[in-house]
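Inspection log for the structure reproduced underneath, given as structure tokens.
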Amino acid sequence: MKARVHVMLKDGVLDPQGEAVRHALGHMGFGGVEAVRQGKVIELDLSATDKAAAEAEVKQMCEKLLANTVIEKYTIEIA
């Protein structure tokens, strides 16, 4: 089974990397970009065969290590 975790800063949390990308895009002639939020994608290969169990395990991974839940939100996809 494969899991994909999308981690993004929560709304309202300043994103200096996203702002730097927006600024650079503007200088490159892409003036229509009003905002950029940068995040990360983590892909996991799991040995689990039960989708619900896999999702529960990945949620624990996110809560303990993969995401800083004080300032980040995450979504999980299991395939």
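Residues in the sequence shown are numbered from 125 upward in steps of one, following my numbering.
Idealized CB from N, CA, C, for every residue including glycine.
In this structure, the beta-carbon distance from MET125 to THR199 does not fall below 8 Å. Taking a 10 Å sphere around the C-beta of LEU190, we find 16 or more other C-beta atoms and assign the residue as buried. Note on VAL182: 16 or more other CB atoms within 10 angstroms of its CB, so buried under the neighbour-count rule. In this chain, the alpha helix (DSSP H) harbouring LYS175 covers 175 to 185. About 7 Å separates the beta carbons of GLY163 and LEU133, which is inside the 8 Å limit, making them a contact pair. Burial check for ALA127: the Cβ neighbour count within 10 Å reaches 16 or more, so the residue is buried.
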